[in-house]
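Enquirer:
Number of protein chains: 2
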Amino acid sequence: MSGAPPAERDPGRESGSGRVRLRLLPDGRPPREVSVPPGVSVFEAASWNGVAVDSTCGGHGTCRKCKVRIVHSAEGTDDADGTGPVPVSRLDPRAFTPEQLREGWRLACLARAVSDLEVEIPALSTRPKAATVGVGRQVILRPAVQKRYVELTEPTLSDQTPDLERLLAALDDLEPVPDLHAVRAAGRVMRASDFKVTAVVVDDALIDVEPGDTTGSRYGVAFDLGTTTVVATLLDLATGTPVAVRSMLNLQQPSGADVISRISATMLDPSALDRLRDAARETLDQLAREVCKEGEVSPENVYEVALAGNATMVHLALGIDPEPLGVAPFIMATRALPALLASDLGLRFHPRARAVVLPALGAYVGGDIVAGVLAAGMDRDRRLRLFVDVGTNCEIVLGDADRLLATAAPAGPAFEGAQIRCGMRASAGAIETVRLAPSVELGVIGDVEPVGLCGSGLVDAVAELLRVGLLDRSGRFVPEQEAVRLAPELAGRLTAVGGERVFVLAGDVYLSQRDVRELQFAKAAISTGWRLLLEEYGAGEHEVQQVLLAGSFGSYLSPASAVRIGLVPELALPRIVSAGNVAGEGAKLALLSVQERAGALALLEEIRYVELSDRPDFNDRFVDLLSFPAGR
Amino acid sequence: MSGAPPAERDPGRESGSGRVRLRLLPDGRPPREVSVPPGVSVFEAASWNGVAVDSTCGGHGTCRKCKVRIVHSAEGTDDADGTGPVPVSRLDPRAFTPEQLREGWRLACLARAVSDLEVEIPALSTRPKAATVGVGRQVILRPAVQKRYVELTEPTLSDQTPDLERLLAALDDLEPVPDLHAVRAAGRVMRASDFKVTAVVVDDALIDVEPGDTTGSRYGVAFDLGTTTVVATLLDLATGTPVAVRSMLNLQQPSGADVISRISATMLDPSALDRLRDAARETLDQLAREVCKEGEVSPENVYEVALAGNATMVHLALGIDPEPLGVAPFIMATRALPALLASDLGLRFHPRARAVVLPALGAYVGGDIVAGVLAAGMDRDRRLRLFVDVGTNCEIVLGDADRLLATAAPAGPAFEGAQIRCGMRASAGAIETVRLAPSVELGVIGDVEPVGLCGSGLVDAVAELLRVGLLDRSGRFVPEQEAVRLAPELAGRLTAVGGERVFVLAGDVYLSQRDVRELQFAKAAISTGWRLLLEEYGAGEHEVQQVLLAGSFGSYLSPASAVRIGLVPELALPRIVSAGNVAGEGAKLALLSVQERAGALALLEEIRYVELSDRPDFNDRFVDLLSFPAGR
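Going line by line, the protein sequences match chains A and S.
Mapping of the first sequence onto my numbering: position 213 corresponds to residue 213, and the numbering continues sequentially without gaps.
Mapping of the second sequence onto my numbering: position 483 corresponds to residue 483, and the numbering continues sequentially without gaps.
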């Protein structure tokens with residue numbers, strides 16, 4: 001021998017950015033072609049795409065049920081070491097005979113797809129449960145929270161197996177690592193319940209031992225931690241069904257309406273970080289108690305929570321200094337947080353309940369957006385889709401199963417009703433829809449007298465004024481004479497307040513010339529964003545097959561008005577859909593399926609972030625897009 | 001395809017109890033043959049046996065430095081899948097070219113030895129540090145606590161890598177998972193110290209980020225948590241040297257002198273478990289503060305502790321109900337505890353300091369004994385050795401590198417000075433040595449007037465009385481006339497107290513006939529134990545090459561007297577050695593080397609426990625051994 005080890009091989013060589021294609025051949029069902037990032041396990045690749053593979057351990061390599069046969073490497077991959085396209089894993093020899101290994105049998109959860117493959121998938125021995133979550137997604141239930149009821153033999157002098165080892169040996173398809181809490185509980189609970197107990201497992205951890213059969217009782221809570229509104233959904237993890245949903249305003253509100261003002265608060269006052277952290281926790285805790293009460297579920301039976309929020313909300317809730325997020329060059333602490341306890345978020349569920357925080361792509365494309373993209377299934381849809389979460393910071397994602405691009409556009413607070421003369425939040429008295437047909441028809445939240453204009457009403461008002469011609473494409477109110485000619489019934493509402501031209505909607509509520517300008521700035525920022533993403537992708541506006549409007553604002557926005565003002569591409573209206581609270585749906589997905597949770601992490605590698613602010617052509621584009629589109 | 005997966009292969013087939021042999025060929029050094037349990041990594045097999053393999057990550061598969069070439073499978077093992085005797089692991093393709101893989105190159109930490117192998121080990125690129133610990137063991141320093149000083153580039157708009165990912169990317173040989181504590185610290189500390197920081201890693205976890213270069217400051221504390229005495233050693237983990245050592249009585253003492261009385265206390269009083277737990281913690285914490293003060297080390301710089309104790313002490317310290325340990329069938333909660341925090345033991349070091357508890361073989365062969373066997377290197381020594389920890393419960397281990405047997409013998413409290421008329425603990429005033437040469441020569445602790453007799457004095461007194469003939473082999477004091485004939489100078493000391501014959505040692509201190517009986521019961525229990533182990537092993541008493549007397553009592557016991565009363569095999573006296581505080585040494589080993597820590601776990605598989613109490617011949621043996629051996 002030479003005495004010196006061989007030189008290091010470049011590890012980067014293995015991690016290409018291209019995807020690999022898998023042809024899945026499920027027994028008795030039609031073949032299915034999918035493409036996934038290289039390195040993903042065959043098990044995950046199949047599960048993400050709705051092709052079920054037998055498993056009870058959830059892909060941890062312990063149950064040895066996910067047997068598949070890799071029959072063909074489409075590329076004729078490097079087979080230098082004679083192991084076939086997928087090497088034999090450390091556990092494969094326990095599951096298969098040498099002959100079966102030679103025939104290509106592998107455990108799907110340990111078989112990593114690094115080249116194109118054909119995979120035979122045996123028929124399922126049990127029918128997996130599935131749930132419909134997110135934007136019409138059918139998801140195979142594989143929660144990290146699992147329970148196993150076991151009836152153990154009692155120890156004797158000739159069988160002195162320790163309590164915990166006795167229990168673990170009975171969990172034949174799981175190999176969890178016990179928490180100290182479970183170590184303390186095991187012996188006491190086993191003896192108190194005639195050695196008939198239920199093991200509570202979350203992911204890789206045995207967190208508790210419960211007396212008797214409690215397998216029917218396992219719950220999780222999904223949180224959408226918004227800057228304005230926080231939503232909690234209590235989920236029955238055994239069935240995948242929501243048991244209770246509650247929402248409330250984020251108690252951080254008094255420290256500022258948007259993320260920047262809350263970050264500023266922590267920079268001005270050293271005690272503000274603790275105060276904001278506590279306010280977030282109080283919000284989460286209050287919702288937690290409400291959903292448990294409504295669902296008649298003991299908080300002790302909630303074993304895991306998932307939380308989706310933007311980067312600032314997540315930093316604050318965990319007591320991480322958010323200052324680097326708020327000042328250039330806008331740096332976050334981490335994209336993916338480690339495994340946490342629910343108590344790290346101040347939550348009082350099972351004392352060892354886990355918390356999973358949806359990962360973030362960057363300081364301004366947070367875990368709420370990653371959750372949304374996951375819930376919308378953008379990484380596995382062949383259609384070219386545009387995801388827009390309209391807000392002070394507007395996040396935009398464009399792409400399909402092959403490629404995803406994201407960016408953030410600083411839209412400003414117009415859509416929140418701020419900086420607008422008669423602007424207000426979407427609460428009682430806010431005008432939320434406007435029709436000029438030809439007289440003024442207003443939809444008012446709470447069916448009361450209108451007292452102001454919220455974001456969707458603002459968009460509607462401008463869109464309708466454009467349609468009837470009282471606003472020109474440049475965003476100016478037309479001269480009075482022209483107004484009388486174009487819309488005699490409405491012209492009288494064009495007047496002036498404090499020397500500024502306004503259009504009176506009702507009583508004291510009006511839309512001013514400057515309000516229109518604010519909206520133009522906001523929509524120009526957003527449309528510059530998606531137009532530049534389209535250019536990066538190499539597609540035209542009309543190639544977009546669906547626009548998903550995310551977030552609560554997106555739910556109320558009129559697609560027709562959004563198209564009219566140029567906020568979204570000019571598509572047939574049925575292609576512009578409100579995706580609802582997709583961040584919350586993504587958090588639910590993470591609770592219901594460990595594969596989906598892994599899929600969220602994979603998105604960090606799959607989505608490329610496109611920075612707009614340093615593009616030399618950004619300002620020119622922005623100015624060009626201040627005008628409204630030509631009417632149809 | 002058939003549509004059905006192949007039948008399950010019996011997983012038990014893989015885990016034989018026989019060992020595999022490795023022929024290690026270190027470059028420039030003589031070959032070395034070792035035998036290890038199957039499944040152990042080549043890296044561990046070499047490290048445990050003092051053959052160093054390059055590594056900076058400590059065997060976690062991340063540094064890719066532990067390159068070895070597996071040149072030969074001595075057995076011609078099943079090579080059906082063409083991968084050679086050791087399959088290619090998931091990380092091997094990142095470290096080697098396909099040609100190198102074919103030549104047999106593997107990462108030693110991921111290469112598991114399941115058959116006999118020959119392994120070429122390249123010369124070291126750096127000289128590893130080593131320390132002498134335990135019973136003269138040379139140990140390669142590989143503490144779980146590692147520090148890395150890095151000078152990071154500052155983030156910019158064109159490099160928005162999150163803080164934690166920037167740091168992790170700079171730790172090129174480690175891939176730790178961050179604790180939330182480290183996530184919180186990273187950004188703040190990086191910005192406060194010009195992006196020059198030290199990462200603190202314990203095992204797989206990044207626990208903190210410290211400003212500047214603190215690599216010189218990493219400490220651990222090893223605890224020997226004895227029923228009577230607790231010892232703490234503060235170790236400098238960078239050099240392997242002890243910085244300070246302190247001991248004190250276990251503050252649980254008021255609840256009972258031995259483990260059974262403490263277990264009983266918890267059964268009688270529901271609040272006793274908490275009280276005993278708190279007493280253990282107070283003891284550990286007090287010692288912790290003392291060693292830090294003495295060593296002038298900040299408790300914040302102690303990142304890990306290791307603790308060796310018997311099963312009852314460990315259960316109590318962690319607040320685990322010990323009742324099942326104390327009543328038949330004597331069941332422990334678990335042999336190996338999961339990774340803990342030092343704070344789980346009530347210790348106030350670094351807030352995320354880890355705690356490793358030495359694993360136990362059973363309810364009565366605890367982590368203290370596993371630690372002792374590790375420190376004595378019994379699993380890698382070719383000599384047949386007998387390890388005896390004399391105490392109320394006497395633990396006995398017999399064997400060599402090929403086979404190890406253990407048992408526990410209920411010796412009763414004689415050696416602790418209890419049940420002995422003038423018995424006392426080994427403290428000031430206790431007679432600890434006795435010579436009848438021919439007059440009475442006493443060694444008294446503290447050089448004061450003797451007030452009682454401790455364990456070693458008891459053994460000496462009986463041994464000397466046997467030697468001069470005042471006690472016969474059956475343990476009876478000889479008749480007065482015979483005493484006068486055999487030892488005229490001593491016969492006057494043979495008198496009676498309360499109708500019982502006694503031998504007066506000094507003033508009020510005497511040895512009674514019943515005391516001799518107590519000692520006979522104790523020594524018979526112990527010698528029955530090791531004689532039955534010898535039978536199981538298939539060796540005779542004189543084949544034992546070394547007797548190790550463990551524990552503090554073992555340190556004071558006279559080898560000559562131990563042989564004389566038949567407590568240990570009749571060997572040449574230099575072969576009977578006091579091993580000192582081997583439990584504490586084992587705890588130190590666990591702190592200094594992750595390989596040794598893994599070795600402690602491996603002992604659970606390597607040592608076979610032999611239960612004495614259910615053997616039909618136990619009582620006959622015991623009665624036979626009540627007599628003392630014939631004098632030499």
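The beta-carbon is built from N, C-alpha and C at its ideal position, and this holds for glycine as well.
1. So, do the stretch 579-592 of chain A and the stretch 129-137 of chain A have three or more beta carbon pairs nearer to each other than 8 Å?
2. Please confirm whether S:A333 has its beta-carbon closer than 9 Å to some beta-carbon of chain A.
3. Let me check understanding here. Comparing Cα to Cα, which of A:P93, A:E282, A:A265 lies closest to A:N250?
4. Taking 8 Å as the cut-off, does the stretch 504-511 of chain S touch the stretch 392-408 of chain S (at least 3 CB pairs, one atom from each stretch)?
5. So that I know if they touch, is there some Cβ in chain A lying closer than 9 Å to that of S:I320?
6. Distance cutoff 9 Å, beta carbons only. Does S:V36 sit that close to anything in chain A?
7. According to DSSP, is S:T528 part of a helix, a strand, or is it coil?
8. Using a Cβ-Cβ distance cut-off of 9 Å, determine whether A:P87 contacts chain S.
9. Does S:E165 come within less than 9 Å of chain A when only Cβ atoms are used?
10. Report yes if the C-beta distance between A:F618 and A:T528 is below 9 Å; otherwise report no.
11. With a Cβ-Cβ cutoff of 9 Å, do S:M332 and S:G362 count as a contact?
12. Roughly how many angstroms lie between the CA atoms of S:L592 and S:V357, to the nearest whole one?
13. Would DSSP call S:V610 helix, strand or coil?
14. Taking CB distances under 9 Å as the criterion, tell me whether S:R615 reaches chain A.
15. Report yes if the C-beta of S:L341 is less than 8 Å from at least one heavy atom of the ligand FMN; otherwise report no.
16. For S:R277 and S:L442, what's the separation of their Cα atoms in angstroms?
17. Are there 16 or more other CB atoms within 10 angstroms of the CB of S:G3, so buried, or fewer, so exposed?
18. Roughly how many whole angstroms lie between the Cα atoms of A:V568 and A:G226?
19. Do the CB positions of S:E165 and A:R335 come within less than 9 Å of each other?
20. My output table needs one value for S:P637: the three-state DSSP class, helix, strand or coil.
21. Output the distance between the C-alpha atoms of A:P98 and A:V88, rounded to the nearest integer angstrom.
22. Identify every residue that forms a DSSP beta bridge with A:G309.
23. Thinking C-beta only, is S:T239 closer than 9 Å to S:V221?
24. Spatial neighbours of A:G295 within its chain, please: C-beta separation below 6 Å, excluding the five flanking residues on both sides.
25. Where in the stretch 286-373 of chain S do unbroken runs of the beta strand (DSSP E), each at least 3 residues long, occur, reported from the N-terminal end onward?
26. Does S:V259 have its Cβ less than 9 Å from a Cβ in chain A?
27. Does DSSP put S:Q546 in a helix, in a strand, or in coil?
28. Between which two residues does the alpha helix (DSSP H) carrying S:G586 extend?
29. Leaving aside the five residues before and after S:S35 along the sequence, list all residues of the same chain whose C-beta is less than 8 Å from its C-beta, in chain order.
30. Out of A:E323, A:A522, A:A342, A:H542, point me to the one whose CA is closest to A:R383's CA.
31. Can you check the stretch 394-464 of chain S for any beta strand (DSSP E) of at least 3 residues that lies completely inside it and give the ranges in chain order?
32. Verify the CB distance criterion: does A:R90 have a CB-CB separation below 9 Å to chain S?
33. Could you pull out every residue in the same chain whose Cβ sits closer than 7 Å to the Cβ of S:T77, ignoring the five residues on either side in sequence?
34. Identify the residues that DSSP records as bridge partners of S:K65: which are they?
35. Kindly list, in the order they appear in chain A, the residues whose Cβ is closer than 8 Å to that of S:L180.
36. From the DSSP output, which residues share a beta bridge with S:M190?
Expert: In this structure, then:
1. yes
2. True, the Cβ-Cβ gap to chain A drops below 9 Å.
3. Measuring from the Cα of A:N250, the nearest candidate turns out to be A:E282.
4. no
5. It does: the Cβ of S:I320 has a partner Cβ on chain A nearer than 9 Å.
6. no
7. helix
8. yes
9. So yes, S:E165 belongs to the interface.
10. Contact flag set, yes.
11. Contact annotation: S:M332 and S:G362 have beta-carbon atoms nearer than 9 Å.
12. 14 Å
13. DSSP places S:V610 outside both helix and strand once states are collapsed to three, so it counts as coil.
14. Closer than 9 Å to the CB of S:R615 there is not a single CB belonging to chain A.
15. As far as ligands go, the structure on display features none, and thus does not contain the ligand FMN.
16. 40 Å
17. Low confidence applies here, because S:G3 scores a pLDDT of 44, under 50, leaving its location unreliable and the question unanswered by this model.
18. Answer to the nearest angstrom: the Cα atoms are 23 Å apart.
19. yes
20. Only positions 1 to 632 of chain S appear in the structure, and residue 637 of chain S is not among them; the question remains open.
21. 10 Å
22. A:L225
23. no
24. L234, V243, A244
25. 302-309, 354-357
26. no
27. strand
28. Taken as a continuous stretch (DSSP letters only), the alpha helix (DSSP H) holding S:G586 covers 582-592.
29. R19, V20, R21, L22, A401, D402
30. A:H542
31. 404-410, 430-436, 440-444
32. With 9 Å as the cut-off, A:R90 counts as an interface residue toward chain S.
33. Below a pLDDT of 50, predicted positions are generally treated as unreliable, and S:T77, at 45, falls in that range; no measurement from the model is reported.
34. According to DSSP, S:K65 bridges with nothing at all.
35. L318, L337, P338, L340, D344
36. None, per the DSSP bridge assignment.
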